[in-house]
DNA sequence: CAGGATCCGTTTCGATACTG
DNA sequence: CAGTATCGAAACGGATCCTG
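Residue numbers (this note's numbering), protein chains in the order written: chain A, 456 to 589; chain B, 456 to 589.
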């Protein structure tokens, strides 16, 4: 295979996508909570340290569902409760989140637990698989 | 090594960081242009399809410099010109951008060039190294 | 009580015009 | 070329209210 130079890629690699997702202050945090904390209901997201407002959370949940990143369904046990879970497309964001967390761990003052970081750096496939097991 | 369950990681993996970076609509696009397009001056960023406004661009360039992600210096040739380049910390964002682009390529309707995607999926280390060569 | 919806004051954004 | 200044529009956030 012929080597491609950097210039050949230049100007041809847009992030046309997901400005709504990656350019939004809250959406990735919701995905993080679903993925790493296992948060699955409205009030669970409200408990995160970032203190999202209820109207903003409701708005983002609708948008993330519309984007096919999460699914919403009534709790089979408690009719009052709505459960949120990641779709396949949502789980596919795990590598993005992991790279963000690793970058932050290396370059910012974050409080990520060392064993979690080690697990991410180690066998990444297994780590990602462990996120899907409920 | 003992296997860690998902629950052991739960509630302990925050993205405390970079809400300013990852939760911002424009910052990652600037990094993208620096990384993949080789954009290095103010008006270059303005040419991107997303059409950032001049005041927002100026603001984000200041913030990204303050965050140590890019460096600013006057052009040695042309005094009017200011050149921007990624710092090491900035280059370290390449894996994040790559995962975003791969996710989008798989799940969204993006126009990323197939050969670039293939290069990212193939030998990633080499691909990243190619981004640093000027 | 869970999951929102609505109101409203405040902050931030962004398009355009303008400047050194 | 590399930014400021301005000002209306949009988003945010906090509180409160509503509904099952």
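Ideal placement from N, C-alpha and C gives every residue a C-beta, glycine not left out. Remember, predicted model here, so these are calculated numbers, not experimental data.
**Asked** At least one CB of chain A closer than 8 Å to the CB of residue 550 of chain B: is that the case?
**Response** Indexing the second chain from 1 puts residue 550 of chain B at position 95. Yes, its Cβ sits closer than 8 Å to a Cβ of chain A.
**Request:** Taking only beta carbons into account, state which residues of the stretch 491–512 of chain B come closer than 8 Å to chain A, listed in chain order.
**Result:** 491, 492, 493, 504, 505
**Asked** Should residue 531 of chain A go down as buried or exposed, given a rule of 16 or more other Cβ atoms within 10 Å for buried?
**Response** Mapped onto the first chain, residue 531 of chain A falls at position 76. It counts as exposed.
**Asked** Hey, how far is the Cα of residue 573 of chain A from the Cα of residue 564 of chain A?
**Response** Within the first chain, numbered from 1, the residue matching residue 573 of chain A stands at position 118. Within the first chain, numbered from 1, the residue matching residue 564 of chain A stands at position 109. Each residue's alpha carbon lies about 17 Å from the other.
**Message:** Taking 8 Å as the cut-off, does the stretch 514–532 of chain A touch the stretch 511–524 of chain B (at least 3 CB pairs, one atom from each stretch)?
**Reply:** no
**Request:** Name, please, each residue of chain A whose Cβ falls closer than 7 Å to the Cβ of residue 518 of chain B.
**Result:** To locate residue 518 of chain B, count along the second chain from 1; it is residue 63. Near residue 518 of chain B there are no residues of chain A at all, since even the closest Cβ is about 14 Å away, more than 7 Å.
**Request:** Could you please tell me which residues of the stretch 521–549 of chain B, in chain order, have their CB closer than 7 Å to any CB of chain A?
**Result:** 544, 547, 548
**Prompt:** Any C-beta of chain B sitting closer than 8 Å to the C-beta of residue 489 of chain A?
**Reply:** By 1-based counting over the first chain, the position of residue 489 of chain A is 34. It does not; no Cβ of chain B falls within 8 Å.
**Prompt:** In terms of alpha-carbon separation, which member of B/480, B/525, B/536 lies closest to residue 507 of chain B?
**Reply:** Taking the second chain and counting its residues from 1, the one referred to as residue 507 of chain B is at position 52. Of B/480, B/525, B/536, the residue nearest in Cα terms is B/480.
**Request:** In the DSSP assignment, find the unbroken beta strand (DSSP E) run with residue 543 of chain A in it and report its ends.
**Result:** Residue 543 of chain A sits at position 88 when you count from the first residue of the first chain. Segment 543–546 is the alpha helix (DSSP H) holding residue 543 of chain A; no beta strand (DSSP E) there.
**Item:** Test: residue 583 of chain A CB closer than 8 Å to a CB of chain B
**Value:** One-based indexing of the first chain puts residue 583 of chain A at position 128. Not closer than 8 Å to any Cβ of chain B, the Cβ of residue 583 of chain A fails to qualify, so no.
**Item:** Residues bridged to residue 538 of chain A [DSSP beta-bridge criterion]
**Value:** Sequence index remark: in the first chain, residue 538 of chain A carries index 83 (1-based). Answer by DSSP bridge pairing, in chain order: A/528.
**Proximity to residue 538 of chain A [Cα-Cα], best of A/493, A/487, A/484** = Taking the first chain and counting its residues from 1, one reaches residue 538 of chain A at position 83. For residue 538 of chain A, the nearest C-alpha among the options comes from A/493.
**Prompt:** Does residue 485 of chain A have its Cβ less than 8 Å from a Cβ in chain B?
**Reply:** For this step, residue 485 of chain A is matched to residue 30 along the first chain. Cβ-Cβ to chain B under 8 Å: no for residue 485 of chain A.
**Asked** The alpha helix (DSSP H) with residue 481 of chain B in it runs from where to where?
**Response** Working through the second chain from its first residue, we reach residue 481 of chain B at position 26. Unbroken run through residue 481 of chain B: none, as it is neither H nor E.
**Request:** Could you work out which residue in B/546, B/490, B/484 is closest to residue 501 of chain B when comparing CA atoms only?
**Result:** Position 46 of the second chain, counting from 1, holds the residue named residue 501 of chain B. Out of B/546, B/490, B/484, B/484 has the C-alpha closest to the C-alpha of residue 501 of chain B.
**Prompt:** The alpha helix (DSSP H) with residue 550 of chain A in it runs from where to where?
**Reply:** By 1-based counting over the first chain, the position of residue 550 of chain A is 95. Unbroken alpha helix (DSSP H) run through residue 550 of chain A: 549–562.
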